[in-house]
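Residue numbers (our numbering): 236 to 353.
Even glycine gets a Cβ: it sits at the ideal position worked out from N, Cα and C.
Structure, as structure tokens:
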């Protein structure tokens with residue numbers, strides 16, 4: 236179980252580092268910063284995201300779930316404010332980066348065939 240957690244953390248860090256190489260407005264000082272950012276995103280997603288989701292549930296229903304993209308952008312913005320060396324150019328970067336993170340994570344987990352993908 237701990238091994239899966241470490242693998243997921245490293246893959247998330249690698250995905251974030253790859254995202255910083257794309258022209259999406261995401262800047263990371265290095266791979267170490269990517270790992271810290273992955274940790275911060277994991278903690279924020281576990282602690283803050285559920286609260287934001289419940290508080291914005293009427294708006295999420297009204298927008299047919301599209302408001303979850305805004306919630307993801309808020310989480311990314313919070314991570315950028317917490318982790319030194321992780322910067323977002325603007326809110327569009329905060330909206331697009333989580334989508335790219337999900338896509339790159341999916342590809343990497345399929346390539347690695349880790350137990351976390353099963």
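Using DSSP bridges, identify the partner residues of residue 263. 321
For the alpha helix (DSSP H) that residue 342 lies in, which residues bound it at each end? 326–347
Under 8 Å by Cβ, that's how I've got residue 314 and residue 279 pegged, so tell me the actual separation to the nearest angstrom. Right, the Cβ-Cβ distance comes to about 6 Å (below 8 Å), so this counts as a contact.
Taking the alpha carbon of residue 335 as the reference point, which residue from 256, 318 and 317 has its own alpha carbon closest? 256
According to DSSP, simplified to helix, strand and coil, what is residue 276? helix
Return the first residue and the last residue of the alpha helix (DSSP H) that residue 285 is part of. 284–290
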